[in-house]
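The letter at position 239 of the sequence shown is residue 239 when you use the numbering used here, and the numbering goes up by one with no holes.
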Amino acid sequence: MPIVIKTILSCCLFLLSIVVQADDAMALLERSEVAAKQLNYNGVFSFQKDNQSQSIRIIHRADEQGVIERLVSLSGVEREFIRTNDLVTCIYPEGKRPQANRKPLGHGFPSDLLNRMKVASAFYQLSIGKQRRVAAYQAQELLMQPIDQYRYGYRLWIEKDNSLLLQADLLNQNGKVLEKFIFSNVEMNEEIADRYLQPQMNGNMMSWNRKDKETKVNKAVQQASKWKITWVPEGFKLKGHQNRFARNGSPLEQLVYSDGLSSVSIFMEKIRARHGHLKGGSHMGTVNAYGSIINSYFVTVVGEVPAITVEKIGTAIQYTED
């Protein structure tokens, strides 16, 4: 067989193997998303970020009534979250006020992360990696490499038999772990009695529906905006837009862009007095920010994305006159 034909066949087989592996990786991600919702499981996981660690017990049951889930903080501030389908209730001890930001324990329910990953999967290259043990289970590595430099990557470890996500690492461009979610122990496919899903803490409560948490895009307000965002990363769409007043009374406009997994907020605040404001870049852990002054407005771009992303968006903002 001529060398040229052998080379072409080799290239075709190599490309085919990449496609097959990507399909296998996507199928694994989809199975894991289903498992996080439909399995019964009871375990302890930790969320590690910025040299801090938070331990959380999760008890998750799925039946014909839907999903009910209880999360209990085992370290740090004492609190519980009870989720019944989309209704979430946060409970703090007596004398403690529930946080108004509605941010759940451990950066979110595990099933939420997988759902967002599936939505944004078109902007990542998925591949199957090696195997190792996590929380006493054999787990398969799933790598999510972003298609560009404007979002972080992920490394997942998924239990082989039941497809439950056991570990998720958020990675920067150099492969450094920025955040980590990991089970230390977990039991699956066991009956979970009602009493384990009842709150054990007496205290102040706050409830909300998760479907109402996002700011809707008001088309009329959007058209009336004087701001034009000339660049965002591929896949990022406008998800939220609102006008309100800052604490000092200044008019404040906010735009929220997301690819389904990562999100960026843009704030435009009318300058009323010369006070300290971010100029240039800044970061705190995985969150990066970029500030500037445009046409007598403080403009701030902030999000859990690489620094280059907020800076490039920040330099692509224009103020349009009436």
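Every residue, glycine too, gets a C-beta built ideally from N, C-alpha and C.
- Where VAL44 is concerned, the enclosing beta strand (DSSP E) starts and stops at 41 to 49.
- Among the bridge pairs identified by DSSP, MET268 is matched with GLU253 and VAL299.
- Remark: C-beta atoms of GLN167 and LEU156 approach each other more closely than 8 angstroms.
- When C-alpha distances from GLU179 are compared across GLU321, THR286 and ILE308, the shortest belongs to THR286.
- From the listed residues GLY235, TYR92, SER46 and VAL256, the smallest Cα separation to GLY303 is found for VAL256.
- Less than 8 angstroms separates the beta-carbon of SER292 from that of LYS279.
- LEU126 places its beta carbon less than 8 angstroms from that of LEU29.
- Counting only the Cα atoms, GLU64 lies some 30 angstroms from ALA136.
- In the structure shown, SER32 adopts helical secondary structure according to DSSP, grouped into three states.
- Residues GLY43, VAL44 and ALA135 of the same chain have their beta carbon placed closer than 6 angstroms to that of ASN185, with the five preceding and five following residues left out of the count.
- Rounded to the nearest angstrom, the Cβ distance from ILE229 to ALA307 is 18 angstroms, too far for a contact under 8 angstroms.
- By the 16-neighbour rule on beta-carbons within 10 angstroms, LEU261 is buried.
- Three or more Cβ pairs closer than 8 angstroms define a contact, and the segment 225 to 244 falls short of that threshold against the segment 184 to 198.
- Between ILE68 and THR84, the gap from beta carbon to beta carbon is short of 8 angstroms.
- Between the alpha carbons of PHE183 and ASP112 lies a distance of about 16 angstroms.
- Here the C-alpha atom of ALA35 lies approximately 7 angstroms from the C-alpha atom of ASN162.
- An exposed status is given to ASP86, since fewer than 16 other beta-carbon atoms sit within 10 Å of its beta-carbon.
- For VAL310, the enclosing alpha helix (DSSP H) begins and ends at 307 to 314.
- From the listed residues ARG70, ILE82, SER46 and GLU321, the smallest Cα separation to GLY76 is found for SER46.
- In the three-state DSSP reduction, ASN174 falls in the coil class, being neither helix nor strand.
- DSSP places ASP194 in the helix class (H, G or I) of the three-state scheme.
- Annotation for SER282: ALA289 place their beta carbon closer than 7 angstroms to its own, counting only its chain and skipping 5 residues before and after.
- Nearest Cα to LEU143 within the set GLY276, ASP24 and ARG272: ASP24.
- A buried status is given to GLU33, since no fewer than 16 other beta-carbon atoms sit within 10 Å of its beta-carbon.
- Straight through space, the alpha carbons of ARG57 and MET206 are spaced by roughly 20 angstroms.
- PRO93 is bridged by DSSP to GLY203.
- Following the DSSP letters along the chain, one finds ALA139 inside the beta strand (DSSP E) bounded by residues 137 to 146.
- By the neighbour-count criterion, in which 16 or more other beta carbons inside 10 Å mark a residue as buried, ARG79 falls on the buried side.
- No Cβ-Cβ contact shorter than 8 angstroms links VAL299 with ARG210.
- In the structure shown, VAL119 adopts helical secondary structure according to DSSP, grouped into three states.
- With contacts defined by Cβ atoms closer than 8 angstroms, PHE245 and GLN254 do not form a contacting pair.
- In the three-state reduction of the DSSP assignment, LYS239 falls in the strand class, which pools E and B.
- Annotation: ASN202 to LYS118 spans about 37 angstroms, alpha carbon to alpha carbon.
- Under the DSSP assignment, TRP231 falls outside any beta strand (DSSP E); it carries neither an H nor an E label.
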